[in-house]
Amino acid sequence: MPKKILAVDDDLFILDALTELLKYSGYDVESTPNGDDVFKKIDSYVPDLVLLDVMLAGLDGRDICKKIKSEEKTKNIPVIMVSATPAVNQTIQDYGADDFVAKPFDIFQLLNKIENLLAA
540 MPKKILAVDD DLFILDALTE LLKYSGYDVE STPNGDDVFK KIDSYVPDLV LLDVMLAGLD
600 GRDICKKIKS EEKTKNIPVI MVSATPAVNQ TIQDYGADDF VAKPFDIFQL LNKIENLLAA
């Protein structure tokens with residue numbers, strides 16, 4: 540059974556490309572452009588990993604990450620934060636993120652990080 544990834548990004552072009560890349564790489568992928576939907580999606584989909592954009596429309600992905608990591612039922616789900624602002628990398632650990640990828644991302648680097656976190 541393929542590992543399940545929830546991808547969250549308000550840029551629909553990036554979200555669609557990411558979804559297709561991950562599906563092509565053998566993952567089961569659910570996606571949403573809306574940060575407000577993250578916990579509904581987690582409850583219904585139960586992902587093995589979350590790819591979460593830092594800057595979402597009206598929301599800060601770091602706060603969503605912090606909530607994921609503070610809830611008993613979701614705290615062990617690995618979260619990779621994604622951002623076009625590389626300086627954000629220095630703050631993501633404060634919110635509990637497991638890793639960081641800068642946009643534009645290297646596809647092979649992203650897939651490697653996903654594989655490593657899912658293997659842990």
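Residues in the sequence shown are numbered consecutively from 540, following this note's numbering. Beta carbons are placed, not taken as given, at the ideal position from N, Cα and C, and that holds for glycine.
Would you kindly work out how many angstroms separate the C-alpha atoms of Ala659 and Asp637, rounded to a whole number?
Rounded to the nearest angstrom, the two C-alpha atoms are 11 Å apart.
Can you give me the Cβ contacts of Asp602 inside the same chain, cut-off strictly under 8 Å, excluding the 5 residues immediately before and after it?
Taken in chain order, the residues that qualify are Tyr634.
Short check: CB of Lys542 to CB of Leu591, under 8 Å?
No; because the gap between Cβ atoms is not below 8 Å, this pair is not in contact.
Taking the alpha carbon of Thr624 as the reference point, which residue from Lys614, Pro643 and Glu610 has its own alpha carbon closest?
With distances taken between Cα atoms, Thr624 lies closest to Pro643.
Which residue from Thr571, Met540 and Thr613 puts its Cα closest to that of Gly565?
Of Thr571, Met540 and Thr613, the residue nearest in Cα terms is Met540.
Once DSSP output is grouped into helix, strand and coil, what is the label at Val627?
Three-state result, Val627: helix.
How would you call Asp599, buried or exposed, if buried means at least 16 neighbouring beta carbons within 10 angstroms?
Flag for Asp599 reads exposed.
Taking the runs of the beta strand (DSSP E) that are 3 residues or longer, which of them lie wholly in the segment 566 to 651?
List check, beta strand (DSSP E) in window: 567 to 571, 588 to 592, 618 to 622 and 638 to 641.
Leaving out five residues before and five after Tyr584 in sequence, what residues of the same chain have Cβ atoms less than 7 Å from its Cβ?
The residues are Lys543, Leu545 and Glu569.
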